[in-house]
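Asker: I have a structure here, written as structure tokens, and I will follow up with some questions on it.
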Amino acid sequence: MKLNDDRWCPARFALMLSCVPNLGEKQMLHVMHHQALNCVPVGVFLHLPIEELQADWGLTEEAAYAISEERHLWWNRFLESDELVKQHGVQIITEQHHLYPQQLNEFCETPPPVLHAAGNMQLITEGWRFAVVCSRDMPSVAGDAADELCCRAIEAGGTLVTGHNTRAYQRAALAALRQDREHIMVLDRGLWAALGPEFNRPLFNAARLYQLQFAFERDLVLSPFPLKLGCFGLSNQRRDELIFALCDVIFAVWVREDGVMQRLCEQAVRLGKRVKVWQSPSGVVSPGGQRILVAQERFEAGEG
81 MKLNDDRWCP
91 ARFALMLSCV
101 PNLGEKQMLH
111 VMHHQALNCV
121 PVGVFLHLPI
131 EELQADWGLT
141 EEAAYAISEE
151 RHLWWNRFLE
161 SDELVKQHGV
171 QIITEQHHLY
181 PQQLNEFCET
191 PPPVLHAAGN
201 MQLITEGWRF
211 AVVCSRDMPS
221 VAGDAADELC
231 CRAIEAGGTL
241 VTGHNTRAYQ
251 RAALAALRQD
261 REHIMVLDRG
271 LWAALGPEFN
281 RPLFNAARLY
291 QLQFAFERDL
301 VLSPFPLKLG
311 CFGLSNQRRD
321 ELIFALCDVI
331 FAVWVREDGV
341 MQRLCEQAVR
351 LGKRVKVWQS
361 PSGVVSPGGQ
371 RILVAQERFE
381 AGEG
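Counting from 1, position 14 in the sequence shown corresponds to residue 94 in the working numbering; the numbering is continuous, with no gaps.
Right under this line is the structure:
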């Protein structure tokens, strides 16, 4: 394939970089900014010596070597991804794209350099968004409360942001599906890995009770990961971070103390997001919820 630079928009360049081995998100962001600032043709970039890629482009030796000397190992993966994107209408959204959510820059220490998106893009530009979050050890009464809160927020015009492969996230998604209401699904893996070869299967088994195929005309699915990448390492924490970043309101129903959800709720509080901590009818607040309330009091008192 010839490297025709007329075809290399920022989105396609980002798609290519996402296929390069050993190229992390911070390096990817640096490369994209450097390429855009200096207008370096892609054909030139791909033939730069390893030393220059390290010195001027901020790459590790492994990533520079993959680009300069081992393109044959990943280039076909990029061509396959490029074809899948065209065939299934996947949007590749970078910071230079007008639809890139600015909330990600505000919330994430390292904003995702690229989002793979499919479906109703208006859901990240219109209205208000919320998440209902619970740790894995939530009691049944908290699960029931989460369902009710989700239904109330949807009826009030909110758009649910959730994931697809934890019990709490699935319960929230089912609340939206039962009402035939739009929602955003953030993945901890690539779109192909979650939606299947035809990019259309429901994202978890219980969803099949309400839809035979993923409803792209109504809903939106987002992933910061390469199309065919499965769940790995801390990708579930990256998913949680993006869910919090995209929301205007967080309902913290049952949060484990010193867990990821507590940390993200406290970060949301510091950034001025609305975090509502659930209290059971008997007055019980989860251990993590108690810590979040303390963080809110300190924030309101101007103590950080």
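Yeah, the Cβ is synthetic: ideal placement off N, Cα and C, and Gly gets one too.
Helix or strand or just coil, what does DSSP make of G199?
Answerer: Taking the sequence shown and counting its residues from 1, the one referred to as residue 199 is at position 119. Correct three-state label for G199: strand.
Asker: Are the Cβ atoms of D227 and R336 separated by less than 8 Å?
Answerer: Within the sequence shown, numbered from 1, the residue matching residue 227 stands at position 147. Within the sequence shown, numbered from 1, the residue matching residue 336 stands at position 256. Result no, Cβ atoms of D227 and R336 do not sit closer than 8 Å.
Asker: By alpha-carbon positions, which one of D136, A381 and A144 ends up nearest to L126?
Answerer: Numbered from its first residue, the sequence shown carries residue 126 at position 46. Checked all of D136, A381 and A144; the closest Cα to L126 is A144.
Asker: Checking 8 Å against the spacing of the C-beta atoms, do E141 and Q134 come in under that value?
Answerer: Here the question's residue 141 lines up with position 61 in the sequence shown. Here the question's residue 134 lines up with position 54 in the sequence shown. Closer than 8 Å, so yes.
Asker: With P90 and T190 assumed to form a contact (beta carbons below 8 Å), what rounded beta-carbon distance in angstroms separates them?
Answerer: Translated into the one-based positions of the sequence shown, residue 90 becomes position 10. Translated into the one-based positions of the sequence shown, residue 190 becomes position 110. About 18 Å; that fails the 8 Å criterion.
Asker: Suppose you measure from the CA of V165 to the CA of V111; what does that come to, to the nearest Å?
Answerer: Taking the sequence shown and counting its residues from 1, the one referred to as residue 165 is at position 85. Taking the sequence shown and counting its residues from 1, the one referred to as residue 111 is at position 31. Distance between the alpha carbons of V165 and V111 is about 22 Å.
Asker: Any chance the region 348-355 sits against the region 367-382, with 3 or more Cβ pairs inside 8 Å?
Answerer: Contact between the region 348-355 and the region 367-382 is present, because at least three Cβ pairs lie under 8 Å.
Asker: By Cβ distance, which residues of its chain are closer than 6 Å to D328, with the 5 residues on each side in sequence left out?
Answerer: Stepping through the sequence shown from its first residue, residue 328 is reached at position 248. The residues are W208 and R209.
Asker: Leaving aside the five residues before and after V301 along the sequence, list all residues of the same chain whose C-beta is less than 6 Å from its C-beta, in chain order.
Answerer: On the sequence shown, residue 301 is found 221 positions in, with the first residue counted as 1. Only A198, G199 and M265 meet the Cβ criterion.
Asker: Going by the CB atoms, is the gap between Q107 and G138 shorter than 8 Å?
Answerer: Against the sequence shown, residue 138 aligns to sequence position 58. Against the sequence shown, residue 107 aligns to sequence position 27. Cβ distance < 8 Å, so G138 and Q107 count as in contact.
Asker: What is the DSSP secondary structure of S98, counted as helix, strand or coil?
Answerer: In the sequence shown, the residue the question calls residue 98 occupies position 18. S98: coil per DSSP, three-state reduction.
Asker: Measuring CA to CA, which of F284, L292, Q167 and G270 is closest to F305?
Answerer: The residue given as residue 305 occupies position 225 in the sequence shown. That would be G270, whose Cα lies nearest to the Cα of F305.
Asker: Can you list, in chain order, the residues of its chain whose CB lies under 6 Å from that of A255, leaving out five sequence neighbours each side?
Answerer: Reading the sequence shown from its first residue, position 175 is the one you call residue 255. Hits under 6 Å: D227, C230 and C231.
Asker: The alpha helix (DSSP H) spanning R319 covers which residue range?
Answerer: Locating residue 319 in the sequence shown gives position 239, counting from the first residue. It spans S315 to L326 - the alpha helix (DSSP H) in which R319 sits, taken as one unbroken run.
Asker: K356 bridges to which residues according to DSSP?
Answerer: Numbered from its first residue, the sequence shown carries residue 356 at position 276. Answer is F331.
Asker: For I178, count neighbouring C-beta atoms within 10 Å of its own C-beta (all shown protein chains included) and say buried if the count is 16 or more, exposed if not.
Answerer: One-based indexing of the sequence shown puts residue 178 at position 98. It is worth fixing the name first, because residue 178 is His in this sequence and not Ile. By the 10 Å Cβ count, H178 comes out exposed.
Asker: Quick check on R336: does DSSP put it in helix, strand or coil?
Answerer: As a first step, residue 336 must be located in the sequence shown, where it is residue number 256. Correct three-state label for R336: coil.
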